[in-house]
Amino acid sequence: MKGFDMIVQSHPECAAIVCGALKLVLILAHCYVTFFEKLAEFLERLALEMPSYERILANPSWNVSVSLKASMQELYVAIFDFFQAVLGVFRKSSGGLKRTPKIIVDILRRPFDVRFRDIIYRFQLHRDIVFMELELLEAEEATKDRRASADDREAAAEHRKEAKQYERDAQRTRQQLLDLMEQTMRLSEQHARDNKLGRIRKWINPSSFSDDLEKAQEMREKRTNEWFWDTPFSKSWKQSSESTRTGSRHFSANVAWVRGKSS
Numbered sequence: 048m049k050g051f052d053m054i055v056q057s058h059p060e061c062a063a064i065v066c067g068a069l070k071l072v073l074i075l076a077h078c079y080v081t082f083f084e085k086l087a088e089f090l091e092r093l094a095l096e097m098p099s100y101e102r103i104l105a106n107p108s109w110n111v112s113v114s115l116k117a118s119m120q121e122l123y124v125a126i127f128d129f130f131q132a133v134l135g136v137f138r139k140s141s142g143g144l145k146r147t148p149k150i151i152v153d154i155l156r157r158p159f160d161v162r163f164r165d166i167i168y169r170f171q172l173h174r175d176i177v178f179m180e181l182e183l184l185e186a187e188e189a190t191k192d193r194r195a196s197a198d199d200r201e202a203a204a205e206h207r208k209e210a211k212q213y214e215r216d217a218q219r220t221r222q223q224l225l226d227l228m229e230q231t232m233r234l235s236e237q238h239a240r241d242n243k244l245g246r247i248r249k250w251i252n253p254s255s256f257s258d259d260l261e262k263a264q265e266m267r268e269k270r271t272n273e274w275f276w277d278t279p280f281s282k283s284w285k286q287s288s289e290s291t292r293t294g295s296r297h298f299s300a301n302v303a304w305v306r307g308k309s310s
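Residue numbers are given in my numbering: position 28 of the sequence shown equals residue 75, and the series is strictly consecutive.
Structure representation (structure tokens):
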């Protein structure tokens with residue numbers, strides 16, 4: 048605009064009217080463009096921030112405070128008020144569209160910052176409150192997660208401790224079982240050796256039949272059965288030779304088979 052001022056000062060006679068009109072057109076165009084630039088900037092910022100509010104819906108377990116609910120309500124009210132005010136720039140109260148010159152004059156009379164100042168202030172205020180509440184909720188959730196992780200670590204440590212104790216008990220029981228098996232094997236081997244040694248000793252030192260005979264003779268009453276040797280059968284058996292003796296099926300020829308009755 049300073050360039051146009053210099054032109055007007057150097058040629059006031061010719062350029063005053065033309066440059067003044069051109070200056071007015073440029074000012075109006077600048078205000079018009081600036082309005083839409085700020086409108087697009089606000090909508091872009093709104094589009095970037097809106098997904099952040101979805102975190103509340105994505106976490107139904109959060110304990111949402113009353114202040115957060117109220118700020119969310121005021122935030123959406125401010126958004127709808129903003130769109131209603133933008134619509135009022137281009138539309139008549141009767142519902143029809145305004146003419147372009149009237150729109151330009153309206154924008155020039157009330158620029159973007161002046162027109163939406165209160166709405167944007169309310170929007171920013173409740174947006175900041177919502178963000179602070181979200182940060183608090185996320186901090187509480189992170190604290191819960193850390194506590195849960197700590198509890199899980201403690202539980203895991205306790206499980207590992209119990210597992211180690213079970214392993215030690217199993218090793219001790221297994222060792223006791225091995226010791227018992229080894230002891231049983233030693234006893235079994237000792238018993239087998241004792242039985243084998245007994246059989247060997249019995250084979251080396253067989254029973255003496257003479258001892259049994261002596262015991263039987265000691266048990267016999269004196270002068271018992273002396274009559275037998277005076278019998279003809281006994282005398283003939285003594286005088287006969289081994290070759291002439293006839294043995295039975297169970298005894299040799301040296302055995303005299305005596306049949307008698309007990310008195």
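Idealized CB from N, CA, C, for every residue including glycine.
Practice task
State the beta-bridge partners of Arg138 as determined by DSSP.
Solution key: Walking along the sequence shown from the start, residue 138 turns up at place 91. Answer is Leu144, bridged to Arg138.
Practice task
Quick one: give me the first and last residue of the alpha helix (DSSP H) that Trp284 is part of.
Solution key: Here residue 284 corresponds to residue number 237 of the sequence shown, with the count starting at 1. It spans 279 to 286 - the alpha helix (DSSP H) in which Trp284 sits, taken as one unbroken run.
Problem - Range covered by the alpha helix (DSSP H) that runs through Phe159 - result: Taking the first residue of the sequence shown as position 1, residue 159 is located at position 112. Taken as a continuous stretch (DSSP letters only), the alpha helix (DSSP H) holding Phe159 covers 159 to 162.
Problem - Residues near Leu152 by beta carbon distance below 7 angstroms, same chain, minus five either side - result: Position 105 of the sequence shown, counting from 1, holds the residue named residue 152. Correcting the residue identity first, residue 152 is Val in this sequence and not Leu. Same-chain partners within the cutoff: there are none.
Handout entry: Own chain residues within Cβ distance below 7 angstroms of Ile150, not counting five before or after
Key = Position 103 of the sequence shown holds residue 150. Taken in chain order, the residues that qualify are Val136, Phe137.
Exercise for the section: Would you mind sorting Cys61 into buried or exposed? The rule is 16 or more other CB atoms within 10 Å of its CB. Expected result: Here residue 61 is taken as the residue at index 14 of the sequence shown, counted from 1. Summary for Cys61: the model assigns pLDDT 48, below 50, so the residue's position carries little reliability; its value from the coordinates is reported in the next sentence. With fewer than 16 Cβ atoms within 10 Å of its Cβ, Cys61 is classed as exposed.
Handout entry: Under the three-state DSSP convention, the category Ala303 falls into
Key = Walking along the sequence shown from the start, residue 303 turns up at place 256. Coil, per DSSP.
Practice task
Output the distance between the C-alpha atoms of Met97 and Arg193, rounded to the nearest integer angstrom.
Solution key: Here residue 97 corresponds to residue number 50 of the sequence shown, with the count starting at 1. Here residue 193 corresponds to residue number 146 of the sequence shown, with the count starting at 1. One C-alpha to the other measures close to 28 angstroms.
Handout entry: Beta carbon of Val177 nearer than 8 angstroms to that of Tyr100
Key = Numbered from 1 along the sequence shown, position 130 holds the residue referred to as residue 177. Numbered from 1 along the sequence shown, position 53 holds the residue referred to as residue 100. In contact: Val177 and Tyr100 (Cβ atoms closer than 8 angstroms).
Handout entry: Contacts around Trp109, its chain only, beta-carbon distance under 6 angstroms, and the 5 residues preceding and following it disregarded
Key = Stepping through the sequence shown from its first residue, residue 109 is reached at position 62. Counting only Cβ-Cβ distances below 6 angstroms, and skipping sequence neighbours, we find Leu184.
Exercise for the section: Would you mind giving the Cβ-Cβ distance between Ala132 and Arg162, rounded to the nearest angstrom? I have them listed as a contact below 8 angstroms. Expected result: In the sequence shown, counting from the first residue as 1, residue 132 sits at position 85. In the sequence shown, counting from the first residue as 1, residue 162 sits at position 115. With a Cβ gap of about 7 angstroms, Ala132 and Arg162 count as contacting.
Problem - When His173, Lys139, Asp277, Phe89 are compared against Asp160, the one with the closest alpha-carbon - result: For the purposes of this step, residue 160 is identified with residue 113 of the sequence shown, where counting begins at 1. Cα-wise, what sits closest to Asp160 is Phe89.
Problem - Proximity of Glu180 and Ser112 at Cβ, strictly below 8 angstroms - result: Indexing the sequence shown from 1 puts residue 180 at position 133. Indexing the sequence shown from 1 puts residue 112 at position 65. Yes, these two residues count as a Cβ contact at 8 angstroms.
Problem - Residues of its chain near Leu71, where Cβ-Cβ distance is below 7 angstroms and the 5 sequence neighbours each way are ignored - result: Position 24 of the sequence shown, counting from 1, holds the residue named residue 71. Because the pLDDT of Leu71 is 47, which lies under 50, any placement of that residue in the model is unreliable, and the number read from its coordinates should be weighed accordingly. None.
Problem - Same chain, Cβ closer than 8 angstroms to Glu201, five either side skipped, listed in chain order - result: On the sequence shown, residue 201 is found 154 positions in, with the first residue counted as 1. So the list is empty, once near-sequence residues are dropped.
Problem - Ile126 vs Phe170 beta-carbon contact at 8 angstroms - result: In the sequence shown, counting from the first residue as 1, residue 126 sits at position 79. In the sequence shown, counting from the first residue as 1, residue 170 sits at position 123. For Ile126 and Phe170, yes; Cβs fall inside 8 angstroms.
Exercise for the section: Select from Arg215, Phe130, His238 the residue whose C-alpha is nearest the C-alpha of Ile167. Expected result: Locating residue 167 in the sequence shown gives position 120, where the first residue counts as 1. Residue Phe130 is the option with its Cα nearest to Ile167.
Exercise for the section: Measure the CB-CB distance between His206 and Glu121 and report whether it falls below 8 angstroms. Expected result: By one-based count along the sequence shown, residue 206 stands at place 159. By one-based count along the sequence shown, residue 121 stands at place 74. Cβ distance not < 8 angstroms, so His206 and Glu121 don't count as in contact.
Handout entry: C-beta atoms of Ala303 and Trp284 nearer than 8 angstroms
Key = For this step, residue 303 is matched to residue 256 along the sequence shown. For this step, residue 284 is matched to residue 237 along the sequence shown. The answer is yes: Cβ separation under 8 angstroms.
Practice task
Alpha carbon to alpha carbon, how far is Pro107 from Gln222? Give it in angstroms, no decimals.
Solution key: The sequence position of residue 222 within the sequence shown is 175, counting from 1. The sequence position of residue 107 within the sequence shown is 60, counting from 1. The straight-line gap from Cα to Cα measures roughly 55 angstroms.
Exercise for the section: State the DSSP-derived secondary structure class of Lys211, mapped to helix, strand or coil. Expected result: In the sequence shown, residue 211 corresponds to position 164, counting from 1. Helix.
Exercise for the section: Assign Ser118 to one of two classes, buried (16 or more other C-beta atoms within 10 Å of its C-beta) or exposed (fewer than that). Expected result: The residue given as residue 118 occupies position 71 in the sequence shown. The residue is buried, with at least 16 neighbouring Cβ atoms inside 10 Å.
Problem - Burial state of Ile247 (16 or more Cβ within 10 Å) - result: Taking the sequence shown and counting its residues from 1, the one referred to as residue 247 is at position 200. Exposed, since its Cβ has fewer than 16 Cβ neighbours within 10 Å.
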